[in-house]
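Undergrad: Submitted below is the structure of interest, expressed as structure tokens.
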Amino acid sequence: MSWRAEFKRFLVAASSTILGMMLLCCIAAVDASEDQPNVEPNDLRWDLAENLEFRWTTTDLSAKVIRDQGVDVFERELTISGTLHILELEGFVTIERDRPWILRVLDAHGNAVPCEFGQWSGRWYESNVWLPDSGMRTSWFGPSSLALRFPANPDEPVPSSLGQIVGYVYVLLADEILFLDIPFDPDGGWHEPEPAPDLQICIDPTTPPCPGPLEYIPVEVLAGTPKGLWAFPYRPTTPVPLYSYTTWIRSKSGAPVMALRDRMGLYLRDDYPLGDYAILRTELYDSVEQTSVIVPTQEIKSGVSDVRGTWCRGQMEKGKYDAYDTIRHVIAVHPVEAKIPFVLRDIPILGTEVTDK
């Protein structure tokens, strides 16, 4: 059985009511069977929990009074901040860090800690970032900064520490990542990329042509002006153009090709699950230098009802050395959403005057 089939077997529909609250901590622990909450065993990937590491840095308990139509409403909130690290994980694509799910919370004496509940049907997965690497720019996925909030029940005492937290996060896994390139030519029509022959991609005819090279003229540098390392005493002869494009992606089978990060995924992922492909992002690619850049301003909309398919749009100012001639679509093949659990222990809540029950 392939690992994808195994993931599909483990990913059964979640319970309709799941306790939700926001927390974070140090390191996942999965070796004790008594730590596992009373949930469907096929719903959580306990075998992958060692591939996540939670490192909390601060805990903060705040309180405020809200005046609501002449009535004082007392609210308390516990915030735990830190970072989430992905260790070696086969097929890893990205993680949903905004909404971790909490299944069970106990105080230091093993008593359940009351909290406000929340549930949702969408996901917002983390995107890649750019980091400098040996003078070049490269795509990289690093630790996620987290600031998670626990809305404490105002009618119950807050414990001075939490003994155990059991929860999970969504992680996206895939068989492979494809880079589907098409020439930056609005008149090129539909393309059938060789790595994914069941997909078709085209550039919208309204897309302006790919900008050509810029011409520069020298400018006078006044005497005494500091000349830094990156000084460039030239200016372009014409306004700096934009790389601006709109593309469409569709499946020959007629099945919608879903975007990973759009409003549909944010609010309705359970209603519109990912299919055989998920579009992660678009990039601009230089076929001569064989370099690419993640376009900073871009948007993708899932093609659920449009016969043209999924809509992709990007825009970026042309740099003085840029010569991008290709639009690249980064697509996950056979994406699977895995629920990876964690067990956290001994989280102090300092600086409070409340005591354990």
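Number 211 in the numbering used here belongs to position 229 of the sequence shown; there are no gaps in the numbering.
From the three backbone atoms N, C-alpha and C, an ideal C-beta is built for every residue, glycine too.
Note down the Cα distance separating residue 13 from residue 307, rounded to an integer number of angstroms.
TA: Confidence in residue 13 is poor, its pLDDT being 35 and thus under 50, which makes the residue's placement too unreliable to answer from.
Undergrad: So the candidates are 195, 194, 196 and 215; which of them puts its Cα closest to the Cα of residue 343?
TA: As displayed, the chain neither begins before -17 nor continues past 339, which places residue 343 out of reach and without an answer.
Undergrad: Could you round the C-beta distance between residue 321 and residue 193 to whole angstroms and report it? I think they count as a contact, below 8 Å.
TA: Residue 321 to residue 193, Cβ: 45 Å. No contact.
Undergrad: Determine the direct distance from the alpha carbon of residue 265 to that of residue 272, and round the result to whole angstroms.
TA: For residue 272 and residue 265, the distance between alpha carbons rounds to 12 Å.
Undergrad: Leaving out the 5 sequence neighbours to the left and right, which residues in its chain are closer than 7 Å to residue 269 when beta-carbon positions are compared?
TA: Here the set comprises 307 and 308.
Undergrad: Note down the Cα distance separating residue 36 from residue 172, rounded to an integer number of angstroms.
TA: Near 45 Å, if we compare the C-alpha coordinates of residue 172 and residue 36.
Undergrad: What's the C-alpha gap between residue 244 and residue 200?
TA: Cα to Cα, residue 244 sits roughly 44 Å from residue 200.
Undergrad: Which residue wins for smallest C-alpha separation from residue 164, given the options 158, 176 and 153?
TA: The residue with the shortest Cα to Cα distance from residue 164 is 176.
Undergrad: What residues are listed by DSSP as bridge partners for residue 173?
TA: Looking at the DSSP assignment, residue 173 forms a beta bridge with 183.
Undergrad: Alpha carbon to alpha carbon, what distance is there between residue 223 and residue 150?
TA: Computed Cα separation, rounded: 46 Å.
Undergrad: Quick one: what does DSSP say residue 134 is sitting in, helix, strand or coil?
TA: Here residue 134 sits in strand by DSSP.
Undergrad: Which runs of the beta strand (DSSP E) fall wholly inside the segment 189 to 250 and span at least 3 residues, in chain order?
TA: Those beta strand (DSSP E) runs which fall completely within the segment 189 to 250 and span 3+ residues are 198 to 200, 216 to 218 and 224 to 233.
Undergrad: Could you say which of 55, 298, 179 and 144 lies nearest to residue 227 if we only look at CA atoms?
TA: Closest by alpha carbon: 298.
Undergrad: What is the rounded straight-line gap between the Cα of residue 152 and the Cα of residue 204?
TA: Going by the C-alpha atoms only, they are around 57 Å apart.
Undergrad: Does the Cβ of residue 340 have 16 or more other Cβ atoms within 10 Å, making it buried, or fewer, making it exposed?
TA: With the chain represented from -17 up to 339, any question about residue 340 goes unanswered, as that position is not in the structure.
Undergrad: Reducing DSSP to helix, strand and coil, say where residue 57 ends up.
TA: If DSSP states are grouped into helix, strand and coil, residue 57 belongs with the strands.
Undergrad: Let me know the secondary structure DSSP gives residue 5 once reduced to three states.
TA: Here the model assigns residue 5 a pLDDT of 34, short of 50, so the residue's position is not dependable, and the following value carries that caveat. Of the three classes helix, strand and coil, the one that applies to residue 5 here is coil, per DSSP.
Undergrad: Enumerated in chain order, which unbroken segments of the beta strand (DSSP E) with a length of 3 residues or greater are wholly contained in the segment 257 to 311?
TA: Those beta strand (DSSP E) runs which fall completely within the segment 257 to 311 and span 3+ residues are 259 to 268, 273 to 276, 279 to 283 and 292 to 299.
Undergrad: Taking the alpha carbon of residue 43 as the point to measure from, which residue in 58, 50, 52 and 161 has its own alpha carbon closest?
TA: Selected option, being the one with the closest Cα: 58.
Undergrad: Determine the direct distance from the alpha carbon of residue 144 to that of residue 167, and round the result to whole angstroms.
TA: Taking the straight line joining both Cα atoms gives about 59 Å.
Undergrad: Alpha carbon to alpha carbon, how far is residue 66 from residue 39? Give it in angstroms, no decimals.
TA: Going by the C-alpha atoms only, they are around 11 Å apart.
Undergrad: Closer than 6 Å by C-beta to residue 75: which residues in its own chain qualify, once you throw out the five before and the five after it? Chain order, please.
TA: So the qualifying residues of the chain are 154, 156 and 314.
Undergrad: Starting from the C-beta of residue 293, find all residues in its chain whose C-beta is less than 6 Å away, skip the five residues before and the five after it, and write them out in chain order.
TA: Result list for residue 293: 283, in chain order.
Undergrad: Output the distance between the C-alpha atoms of residue 248 and residue 77, rounded to the nearest integer angstrom.
TA: Near 13 Å, if we compare the C-alpha coordinates of residue 77 and residue 248.
Undergrad: Which residue comes first and which comes last in the beta strand (DSSP E) that contains residue 83?
TA: From DSSP, the beta strand (DSSP E) with residue 83 extends over 74 to 89.
Undergrad: Give every residue of the same chain whose Cβ lies closer than 8 Å to the Cβ of residue 69, excluding the five residues on either side of it in the sequence, and list them in chain order.
TA: Closer than 8 Å at the Cβ level, and outside the excluded window around residue 69, lie 32, 33, 34 and 35.
Undergrad: What three-state label does DSSP hand residue 38 in the structure shown?
TA: Note: residue 38 maps to strand in three-state DSSP.
Undergrad: Terminal residues of the continuous beta strand (DSSP E) containing residue 152?
TA: Unbroken beta strand (DSSP E) run through residue 152: 143 to 155.
Undergrad: Using DSSP bridges, identify the partner residues of residue 319.
TA: Note: residue 319 sits in a beta bridge opposite 154.
Undergrad: Taking the C-alpha atoms as reference points, what is the distance between residue 138 and residue 261?
TA: Going by the C-alpha atoms only, they are around 45 Å apart.
Undergrad: Could you name the residues of the same chain whose beta carbon sits closer than 6 Å to that of residue 189, not counting the 5 residues immediately before and after it, in chain order?
TA: Taken in chain order, the residues that qualify are 168, 227 and 228.
Undergrad: Does the beta-carbon distance from residue 95 to residue 141 come in below 8 Å?
TA: Yes, they are a contact pair.
Undergrad: Tell me, to the nearest whole angstrom, how far the beta carbon of residue 256 is from that of residue 218; I am working on the premise that it is less than 8 Å.
TA: With a Cβ gap of about 43 Å, residue 256 and residue 218 do not count as contacting.
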